[in-house]
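A quick write-up on the structure given underneath.
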Amino acid sequence: MPQSPDPGTAAATASQQIDTGHFKAAEATITKALATPNLTLAQQQTLLFQRERMRRIHLDFKLDTAAAKARLRKQIPDLTDAEFATWDAAGLLEKQVIDGQTLYFNRAPANLFRLSAEARARRQKQTPFNDGPNEVLNDHHRAIRAAAEQTDSSSVLPMREEVTQTLTVRADAVPAGETLRAWLPFPREITGQQENVQLVAHAPEAFATRPSDALQRTVYLEQKAVAGQPTVFSVTWQATLYGRDFNIDPSKVVRAPITPALKPFVEERAPHIVFTEAMRAYSKKVVGNETNPYRIAQKLFAAVDTIPWAGAREYSTLSNISDYTLHAGHGDCGEQTLLLLTLLRMNGIPARWQSGWMFSDGTYNNIHDWGQVYLAPYGWVPVDVTFGRLNGDAKLEYFYLGGLDAYRVAFNDDFSQPFVPAKTFPRSETVDSQRGEVEWKGGNLYFDQWDYDFNWHRVDASRGDATAHR
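This is the structure we're talking about:
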């Protein structure tokens with residue numbers, strides 16, 4: 083009699099089959115394993131998530147070759163097949179071969195213009211990218227440095243912000259009368275970075291639980307769906323946000339003793355922080371014989387900064403994000419950050435995750451990920467490798483290795499952490515928590531079933547005025 087497959091082994095096999103584009107084989111593996119007697123709920127959900135991962139990948143990869151070319155021709159009307167083939171062969175158009183069919187990432191055509199100067203030059207209309215104002219050196223960075231030097235403080239220029247975040251489930255996403263459970267991100271209280279966090283309002287008014295102090299902090303709300311109507315959840319909060327600048331002197335940095343509190347932050351944490359052989363080789367090439375922890379961090383920061391930013395696949399579809407970023411030739415903020423955290427930890431330098439939202443004095447706002455690195459004697463200091471080196475002033479070039487602008491809020495001090503109260507079904511975003519999450523008794527609602535928004539304004543208590551943004 084054939085032996086039933088081990089559910090854990092089957093899940094790992096299915097994951098590998100998915101990564102190599104063998105979805106039919108993965109489905110067969112999952113189906114067989116789900117028939118195993120006496121599966122625990124956890125084992126069943128692990129297997130079912132691999133099936134869900136395939137569905138999510140198909141949502142991210144919808145373009146066949148003809149459709150990818152058609153997208154590019156909206157900006158390069160006279161695109162030739164030879165040009166497309168050249169960029170494709172260079173790996174500049176992200177794709178997957180799924181059961182023999184080549185499918186391109188939905189954002190690959192747009193990403194090409196970030197990855198290739200040649201492609202950018204071929205655009206019929208040259209338009210700037212919509213990047214954040216603090217990604218280039220500006221007066222805000224200069225003001226933070228000046229204030230930090232004048233006050234001898236690493237936390238300066240506080241701003242009081244009021245934010246309303248909204249999660250709107252589309253009409254009839256679930257049957258009328260069913261209860262929707264929603265988790266909306268909420269700022270963590272972080273001394274010197276963001277303080278005096280206050281819950282101002284929430285909708286619906288009924289509360290299931292107050293904001294927890296979980297490492298991925300949320301407000302939990304419930305509401306019944308009404309036929310033909312969207313279901314809207316919202317949270318309004320205020321917080322005082324600080325610019326940060328430790329203005330690190332490399333000569334003062336020493337190797338930190340790895341205490342029990344720091345130990346988790348120099349260790350691997352599968353699946354997304356793994357010290358692979360390829361990672362070790364890359365680290366050795368970058369770090370060389372350097373021994374000063376700051377200089378090691380600086381070298382790694384500069385190396386990861388050379389990896390261009392590009393729009394990312396949903397994190398839940400990736401089996402190892404740091405390894406993916408090392409080989410993909412591009413990455414978004416979370417992917418770049420996880421790569422840097424892995425490299426820092428590999429070199430015995432404690433490093434950890436932060437993420438939330440960034441905004442501006444204008445209309446720009448976006449979800450964003452960054453991190454922290456422990457450098458003795460300074461302690462935990464910010465690091466944002468996506469904003470990277472700032473050109474134009476040698477003294478501020480490495481501002482984001484030990485400094486942070488005030489135009490951001492952190493909801494998370496770690497990744498892939500459980501919510502309070504716990505979510506029943508696997509999350510839409512299994513790594514981060516910025517847009518929110520929602521489910522009902524029938525399962526999780528994915529990003530294609532709801533929308534989100536972020537609105538903010540400055541609160542000036544001394545003048546009693548506010549400037550609104552959306």
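The numbers in this note's numbering rise by one with no breaks, and the one at position 14 of the sequence shown is 96. No residue lacks a Cβ here, since even glycine has one placed at the ideal position from N, Cα and C.
Could you tell me which residues DSSP pairs with residue i in its beta bridges?
i: V245; result: W319, W538
i: R490; result: M440
i: N278; result: Per DSSP, none; premise fails for N278.
i: Q183; result: I180
i: K306; result: T261
i: H284; result: V317
i: G461; result: L457
i: T291; result: Y302
i: E519; result: W265
i: V513; result: Paired residues: none, contrary to the question.
i: T250; result: V314, D533
Does the distance from the C-beta atom of residue i to that of residue j stay below 8 Å?
i: A392; j: H412; result: yes
i: L323; j: V491; result: yes
i: Q418; j: I389; result: yes
i: K306; j: T261; result: yes
i: A115; j: A149; result: no
i: N188; j: D142; result: yes
i: H354; j: N402; result: yes
i: D387; j: V465; result: no
i: L425; j: L382; result: yes
i: P312; j: T246; result: no
i: I330; j: V463; result: yes
i: W522; j: V314; result: no
i: T621; j: A283; result: The first residue shown for the chain is 83 and the last is 552, placing residue 621 beyond what the model contains.
Sorted by chain position, which residues of the same chain lie with C-beta nearer than 8 Å to residue i's C-beta, five sequence neighbours on each side aside?
i: M428; result: F357, M361, R362, S365
i: D170; result: K177
i: A548; result: Note that A548 has pLDDT 39, beneath the 50 cutoff, so the model's placement of it is unreliable and the number below is only indicative. E244, H539, R540, V541, D542, listed in sequence order.
DSSP on residue i, reduced to helix/strand/coil?
i: H450; result: strand
i: T118; result: coil
i: L400; result: coil
i: P191; result: helix
i: T313; result: strand
i: Q125; result: helix
i: G546; result: Residue placement at G546 is poorly supported in this model, since its pLDDT is 36, which falls under 50; the coordinates are not used for a value here.
i: I378; result: helix
i: K106; result: helix
i: D327; result: strand
i: H551; result: For H551, the predicted model reports a pLDDT of 41, less than 50, meaning its position is unreliable; a value from the coordinates is still stated below. In the structure shown, H551 sits in a strand (DSSP, three-state: E or B).
i: G232; result: Note that residue 232 is Gln in the sequence shown, not Gly. Helix at Q232.
i: I100; result: helix
i: V238; result: strand
i: N216; result: helix
i: L145; result: strand
Going along the chain, which residues of its own chain have a beta-carbon closer than 6 Å to the beta-carbon of residue i, five neighbours each way excluded?
i: T248; result: S316, D535
i: A190; result: L175, E176
i: R552; result: Confidence at R552 is low in this model, with a pLDDT of 41, below 50, so its placement is unreliable and the value that follows should be read with caution. Excluding residues within five positions, the ones whose Cβ falls inside 6 Å are N537.
i: M241; result: L323, A488
i: P432; result: L344, F347, V348, Y456
Can you find the residues in the same chain that come closer than 7 Å, C-beta to C-beta, to residue i, ignoring five residues on each side of it along the sequence?
i: T147; result: T184
i: K106; result: D181
i: Q516; result: P267, S437, G438, W439, I449, F493
i: D213; result: none
Taking 7 Å as the cut-off, does the CB of residue i come closer than this to any heavy atom belonging to the ligand PLP?
i: R133; result: Within the structure as shown, the ligand PLP is missing, as the structure has no ligands at all.
query: Is there contact here, the segment 503-517 with the segment 382-402, by at least three beta-carbon pairs under 8 Å?
result: Enough Cβ pairs lie closer than 8 Å, so yes.
message: Quick check: the segment 452-462 against the segment 291-298, are at least 3 beta-carbon pairs closer than 8 Å?
response: no
message: Quick check: the segment 198-207 against the segment 154-172, are at least 3 beta-carbon pairs closer than 8 Å?
response: With the cut-off at 8 Å, the segment 154-172 and the segment 198-207 touch.
- request: Determine, using beta-carbon pairs with one atom in the segment 485-499 and one in the segment 438-452, whether at least three such pairs fall under 8 Å.
  value: Short answer: they touch.
task: Say whether the segment 261-276 touches the segment 224-233, bearing in mind that this needs 3 or more beta-carbon pairs closer than 8 Å, one atom from each stretch.
output: no
- prompt: Given 8 Å as the limit, is there contact between the segment 118-137 and the segment 166-174, that is, 3 or more CB pairs closer than that?
  reply: no
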